[in-house]
Amino acid sequence: MGLVEPWIEHFFVGPLQMRCSVVTDRLTGDTVVVDGGDEPDRIIAWIERFEGRGPDWSTGPTSLADAQSMNVPLRKVVALVNTHAHFDHSGFIPVLSEHFKVDWYLHPDDTFLQTLAQQSGRRYGLSLPEPAVADQHLVPDSTMMFGSIPIRVLHTPGHTLGGCCLLVNVEDDADHVFVGDTLFQGSVGRTDIAHSGGDFELLASSIHTQLWPLALDTVVHPGHGPLTTIGQERATNPFVGDDAGDGVYGFGKYA
Ligand SMILES: [Zn+2]
Ligand SMILES: [Zn+2]
């Protein structure tokens with residue numbers, strides 16, 4: 321069973337304009353925050369009270385009045401989930417964890433990387449809290465239930481060792497996959513970032529085996545830049561698309 325008309329919001333946060341995605345089951349109000357890497361106050365104010373700047377993109381209500389007229393339930397954050405542990409995606413998780421008092425999920429192969437978040441952030445002039453330690457591990461090839469929200473975990477190492485893509489199956493409509501920095505519109509994640517275990521061959525293999533089998537209309541939500549679809553990237557991506565052969569080595573655009 322997939323979600324019915326999931327309510328999805330994007331917040332571009334922090335100096336690298338990383339896409340934090342908030343996924344809500346509009347029947348139950350259960351909410352998962354994917355990659356809550358920065359601007360925690362903005363995210364909390366919006367989820368709880370529809371206050372402040374709000375999201376940059378949304379498939380749901382865009383004001384309190386809107387929410388009341390659509391009769392959406394109060395939201396309850398049930399989990400924080402990360403695609404990977406680069407600081408732009410995970411640096412402010414401790415603030416969200418402390419506020420929502422829910423478990424944070426990460427693939428265990430990114431645990432070491434997470435310990436370096438503060439020092440990586442410093443290079444961008446950011447003062448980050450003491451790094452979070454994941455409460456729970458993402459389990460590849462399983463569908464994990466976060467409240468009423470089922471998310472299938474696809475392990476896609478290559479940008480980082482523990483990188484995962486998170487697939488939300490939707491009833492009667494296109495599915496959504498949150499890919500972090502594994503795949504972008506017309507590009508792929510960098511494989512040259514220190515301490516990350518980046519490897520282009522591995523990244524290309526992860527994309528070919530884990531993402532390309534998904535339905536062509538699956539909406540791809542990358543960690544940076546525009547939305548795309550599996551079909552569009554298979555047809556046009558110069559690094560890993562169907563015409564790229566074994567792939568061509570290149571440094572992607574984003575950290
Ligand atoms: Zn990133
Ligand atoms: Zn990254």
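In our numbering, the protein residues as written are 321 to 575.
Just so it is clear, CB atoms sit at the ideal spot from N, CA and C, and this is done for glycine as well.
Since the model is a prediction, treat every value here as computed from it, not as a measurement.
- The three-state secondary structure of I363, taken from DSSP, is helix.
- H515 counts as exposed, since fewer than 16 other beta carbons sit within 10 angstroms of its beta carbon.
- Across the structure, V392 and F520 are spaced so that their CA atoms are roughly 43 angstroms apart.
- Taken from the Cβ of D501, at least one heavy atom of ligand 2 lies inside 7 angstroms.
- For D376, the shortest C-beta to heavy atom distance toward ligand 1 is 7 angstroms or greater.
- A Cβ-Cβ distance of about 5 angstroms is found for the pair L486 and I471, placing them in contact under the 8 angstroms criterion.
- The continuous beta strand (DSSP E) containing V540 extends over residues 539-542.
- If you keep only unbroken beta strand (DSSP E) runs of at least 3 residues inside the segment 429-503, you get 463-466, 469-475, 484-488, 496-500.
- Within the segment 331-402, the runs of beta strand (DSSP E) that reach at least 3 residues and sit entirely inside it are, in chain order, 338-344, 350-354, 396-401.
- Taking the Cβ atoms as the reference, H475 lies roughly 11 angstroms from P428, outside the contact range of under 8 angstroms.
- When DSSP states are grouped into helix, strand and coil, I527 belongs to the helix group.
- In this structure, the straight-line span from the alpha carbon of R369 to that of P558 is close to 43 angstroms.
- Under the DSSP definition of a beta bridge, S516 lacks any partner.
- Shortest gap from the CB of G509 to any heavy atom of ligand 2: under 7 angstroms.
- DSSP places T556 within a helical segment (H, G or I) once states are collapsed to three.
- In the DSSP assignment, L426 falls outside any alpha helix (DSSP H) and within the unbroken beta strand (DSSP E) covering 424-426.
- Ligand 2 never approaches H427 closely enough for any of its heavy atoms to be under 7 angstroms from the residue's Cβ.
- For L323, DSSP records a beta bridge to V490.
- In this structure, V342 lies away from V401, with their beta-carbon atoms at least 8 angstroms apart.
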